[in-house]
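**Student:** Going by our numbering, the first residue of the sequence shown is number 1007, and it counts up by one from there. Just so it is clear, CB atoms sit at the ideal spot from N, CA and C, and this is done for glycine as well. All values derive from a computational prediction rather than experimental measurement.
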Amino acid sequence: MTQPFLKIENLTQRYPDGQGGEMTVFENASFGVEKGEFVCILGHSGCGKSTIMNILAGLSEPTSGVVKMDGFEVSGPSLDRGVVFQNYSLMPWLSALRNVTFAVAARHPDWPKAKVVEHSKQYLSMVGLDGDAIRRKPSQLSGGMRQRVSIARAFANHPKLLLLDEPFGALDALTRGTIQDELLKIWGGTEQTVFMITHDIDEAILLADRILLMTNGPYARVAESVEITIPRPRNRTSIIEHPNYYKIRNHLVHFLGIRSKELAGKQADGPQAPQTVRIEEPAQPNPEPRAPLRAVNE
Ligand SMILES: Nc1ncnc2c1ncn2[C@@H]1O[C@H](COP(=O)(O)OP(=O)(O)OP(=O)(O)O)[C@@H](O)[C@H]1O
Ligand SMILES: [Mg+2]
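1) May I ask you to report which of helix, strand or coil DSSP gives K1272?
2) What is the DSSP secondary structure of P1165, reduced to helix, strand or coil?
3) Quick check: the segment 1164-1178 against the segment 1047-1066, are at least 3 beta-carbon pairs closer than 8 Å?
4) Can you list, in chain order, every residue whose CB sits closer than 7 Å to a heavy atom of ligand 4?
5) For ligand 1, any of its heavy atoms closer than 8 Å to the Cβ of G1049?
6) Determine the contact status of V1110 and S1156, defining contact as a CB-CB distance below 9 Å.
7) Is the separation between the beta-carbon of K1013 and that of E1197 shorter than 9 Å?
8) Report buried or exposed for M1097, applying the criterion of at least 16 other Cβ atoms within 10 angstroms of its Cβ.
9) Quick check on H1260: buried or exposed, where buried means 16 or more other Cβ atoms within 10 Å of its Cβ?
10) Can you give me the start and stop residues for the alpha helix (DSSP H) that L1065 sits inside?
11) Have a look at I1047, L1100, R1020 and flag the residue whose alpha-carbon is nearest the alpha-carbon of L1258.
12) Starting from F1108, trace the alpha helix (DSSP H) in both directions and tell me its first and last residue.
13) If you draw a straight line from the C-alpha of S1244 to the C-alpha of Y1094, how long is it?
14) Of the residues H1248, I1246, M1202, which one's Cα is nearest the Cα of F1044?
15) Can you tell which of S1081, S1084, R1141, G1194 has the C-alpha that lies nearest to the C-alpha of T1107?
16) CA-CA distance, S1051 and P1083?
17) What's the call for T1008, buried or exposed, on a 16-neighbour Cβ count within 10 Å?
18) Starting from V1283, trace the alpha helix (DSSP H) in both directions and tell me its first and last residue.
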């Protein structure tokens, strides 16, 4: 069997519980992500989503288990993995443009300055930032603009894996919608592999090829992998008309509302691979055979 691009094997994370004991966030979590796939992970607050993402980014080490990307074990951060955090994490003393050029120059030390600037401007413009705005420092930009800068910065570096931790969490619904559309546009053109955390069910259905569902912690599990059987290109207005949309949405709401709690706290025995869920509207029955056409003079 071929190996997925990103392979998570028996990932376990335990932390001291502050009372001399241990708390197991998740145990033996195992799943894969294919190259070019857009995967969202949904789960309640505290179940361990950011912990998983930080491990994938190489920013923290799990208690046990292995993450492999392209067959190589992830150990430590790398420019091959771009991260967009919820709090933007821009360098406050640099302009929007310099925040991007800084990263691009680090990735391409051999590029002349003009090429670095041109490349960075191209990505800023893709997320709708140009002109005067890119000369401003983060404190002089709106939250939505800052978020665009961090998305442009991550995409400009063409990381093999893009990790997004609730990147739109702090945005108002309107800006959020615009940036989601932009993200889809950029992603569609790059075939980038994306792993994204979100709390927003509709956002996940719009963006993802597959949604991983996590149960509540401790001993959280990536219990299901729900395929989004809605063809692309998608947009926010058209997907709600697709016959699979509400079925998928209801399944996710039910999982987060009820099953995430029912399945919570159960200790695993052995590797925990998510169960694949594919929700499809049954094919329409064949229409009644039409009456044969009659000859006009019959
Ligand atoms: N460094 C740490 N030390 C101890 N416990 C930690 C540490 N980091 C995270 N935790 C605990 O691990 C659990 C998972 O945290 P994590 O940040 O991964 O949750 P999350 O799913 O991202 O939640 P949210 O949706 O609120 O961002 C929580 O119970 C948290 O308190
Ligand atoms: Mg988190």
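**Tutor:** A quick look at the data gives this:
1) coil
2) coil
3) yes
4) Looking at this structure, you won't find ligand 4 anywhere; what it does contain is ligand 1 and ligand 2.
5) yes
6) no
7) no
8) exposed
9) exposed
10) L1065 -> no alpha helix (DSSP H), and no H or E assigned at all.
11) I1047
12) 1102-1113
13) 30 Å
14) M1202
15) R1141
16) 25 Å
17) exposed
18) Here V1283 belongs to no alpha helix (DSSP H); instead the beta strand (DSSP E) covers 1281-1284.
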